[in-house]
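What follows is a single structure, written as structure tokens, with notes after it.
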Amino acid sequence: MSFRDRPRRPQLPPLPKPYDFVPLPDARPKLAPPAGHQRYHAGRLSGSFSAKIIVRSPLHVASGTLEPQPRNRDYPVAKAMFRVGGEVAIPATSLKGCIRSLAEAISHSTIQVTRAREIERDYQPSRRPERDGVDVVQNMFGTLGYQGLVRFSDARLREGRTIIVPTPQLFRPRSESVETYFDGRRPHGRKFYMHGKLAKGNLPLEACDVASEFALSLTFENLTPGELGLLLTALGLGEPKWWPKLGGAKPACLGTIEISEPHLVAYTPQAAYRDFDAPTTPVALAPLLEAAHNEKLIVGAAAQQLAEILRWPREERECPERNY
């Protein structure tokens, strides 16, 4: 039997897309000079934030290595979880990227990273921020040539264990698919993956099990109350509420996390100048969340759409185990 005579496997229809888009805001992002690091400004807040990260679906942040699994007959080798000094952890860069993307989606922000060939000029970041200024998220998280005002630390595993999760083989996003990502020349928006029931496959990943807990910590300087409220909202602590997705295999519904037990403290500019280890006082979250709306930093429609995409639990939704 020749190759041409062999019976072909039936082509299954593609499954529903595991993602949706948060539309870009209509208004042009407002640019302003960055707050800078050279002094503490009156009316702005500096301090630290800590919380607990609770894993709601298996979490895999790749280390880039393969690790032997001597006690696992089915999967003797698996893609390893990231570690710091031998301890399972979430790298600060992953946390910063996750939360930054959420903050960009709900605010008037430029498009920092894209493979799109043509983006409307209003959404392009300035090539000369020292002259034109930066948008609110660039001011908070940084941009090329400018260090941001928010600094994340690696989040180390405090409770829980790692398991081997067999996931489907995933393919890269088809960024060249114009119909998928564009309406004419305008992008559909920023792309986020939904939560749902875990998909199963044959690619073994080392992942942190459900209910595992990590210690989240970050510091901030010179943020307005509204900017701090935008950060808290992006973390999923505002209204409407959402559950961020972090790490690898998001289409297969890995990486659902929840931020809980938040604790925020701040110090005064005077104390920062007087003492190397400045005393801090607790700060209530509710006024900051309200300030983000009062300063018109949050686009209400975008926040509602993001909350719908990232709502959890979502047991009625099956994550795709094959092409979609």
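According to full-length UniProt numbering, the stretch in the sequence shown is residues 1 to 324, in order. Where is the CB? At the ideal position from N, CA and C, for every residue including glycine.
Residue i versus residue j: straight-line alpha-carbon distance, rounded
| i | j | result |
| --- | --- | --- |
| residue 326 | Met140 | Within the shown structure, residues of the chain are numbered from 1 to 324, placing residue 326 beyond reach of any answer. |
| Val136 | Ala286 | 20 Å |
| Val210 | Val55 | 5 Å |
| Pro13 | Gln38 | 58 Å |
| Leu203 | Ala51 | 32 Å |
| residue 329 | Ser260 | The first residue shown for the chain is 1 and the last is 324, placing residue 329 beyond what the model contains. |
| Ala291 | Leu149 | 18 Å |
| Val84 | Thr162 | 15 Å |
| Leu157 | Ser107 | 31 Å |
| His293 | Pro25 | 15 Å |
| Thr233 | Gly64 | 31 Å |
| Tyr267 | Thr281 | 6 Å |
Three-way DSSP call (helix, strand, coil) for residue i in this model
| i | result |
| --- | --- |
| Val299 | coil |
| Phe171 | coil |
| Asn294 | helix |
| Asp132 | helix |
| Tyr324 | coil |
| Lys245 | strand |
| Glu315 | coil |
| Val210 | coil |
| Phe3 | Because Phe3 sits at a pLDDT of 48, beneath the cut-off of 50, its placement in the model cannot be relied upon, and the following sentence gives the value as read from the coordinates. It is coil, neither helix nor strand. |
| Pro18 | coil |
| residue 325 | The requested residue 325 is not part of the displayed model; the chain covers only 1 to 324. |
Cβ neighbours of residue i in the same chain (closer than 7 Å, five flanking residues each side left out)
| i | result |
| --- | --- |
| Glu179 | none |
| Ala271 | Ala278 and Pro279 |
| Phe3 | In this prediction, Phe3 scores a pLDDT of 48, lower than 50, which makes its location untrustworthy; no coordinate-derived value is stated. |
| Gly196 | Cys253, Arg314, Arg317, Glu318 and Cys319 |
| Tyr324 | Pro14, Leu15, Pro16, Lys17 and Pro18 |
| Gly189 | Phe21, Val22, Pro23 and Leu24 |
| Gly142 | Gly148 |
| Arg174 | Thr180 |
Residue from the options whose Cα sits closest to the Cα of residue i
| i | options | result |
| --- | --- | --- |
| Cys253 | Arg314, Glu67, Gly236 and Pro262 | Arg314 |
| Ala302 | Leu15, Pro13, Pro23 and Leu12 | Pro23 |
| Leu35 | Asn222, Pro251, Ala291 and Ile53 | Reading the sequence as shown, one finds Ala at residue 35 and not Leu. Minimum Cα distance to Ala35 is reached at Asn222. |
| Ala105 | Glu316, Phe171, Leu310 and Asn323 | Leu310 |
| Gly47 | Ala284, Pro129 and Leu12 | Ala284 |
| Glu159 | Ser107, Phe171 and Ala89 | Ala89 |
| Glu239 | Glu130, Asp275 and Leu289 | Leu289 |
| Ser57 | Met194, Leu31 and Arg73 | Met194 |
| Arg131 | Gly64, Arg174 and Pro33 | Pro33 |
| Val77 | His60, Gln304, Leu205 and Gly300 | Leu205 |
| Tyr123 | Gly229, Pro29 and Lys296 | Pro29 |
| Lys96 | Glu295, Leu231, Ala266 and Ala307 | Leu231 |
| Gly184 | Ile119, Lys191, Ser217 and Glu227 | Ile119 |
| Gln112 | Asp74, Gln138 and Gly133 | Gln138 |
| His60 | Asp275, Glu295, Lys245 and Leu306 | Lys245 |
| residue 377 | Phe192, Ile164, Leu218 and Ala307 | Residue 377 is absent from the structure shown; the chain starts at 1 and stops at 324. |
Contacting residues, own chain, Cβ-Cβ under 8 Å from residue i (five flanking each side not counted)
| i | result |
| --- | --- |
| Tyr40 | Ser46, Glu221, Asn222, Pro269, Ala272 and Tyr273 |
| Ala199 | Thr167, Pro168, Pro251, Ala252, Cys253, Glu318, Cys319, Pro320 and Glu321 |
Close-in-space but distant-in-sequence residues of the same chain around residue i (CB under 6 Å, 5 per side omitted)
| i | result |
| --- | --- |
| Glu258 | Ile54, Arg56 and Trp243 |
- Message: For a minimum of 3 consecutive residues, which ranges assigned as the beta strand (DSSP E) are wholly contained in the stretch 141-193?
- Response: Runs found: 150-152, 155-159, 162-167 and 190-193.
- Query: Which parts of the stretch 38-121 are runs of the alpha helix (DSSP H), unbroken and 4 residues or longer, counting only runs that do not cross its ends?
  - Reply: Listed in chain order, they are 92-105.
- For the stretch 221-295, list the alpha helix (DSSP H) runs that are entirely contained and at least 4 residues long, ordered along the chain. Listed in chain order, they are 225-234, 269-274 and 286-294.
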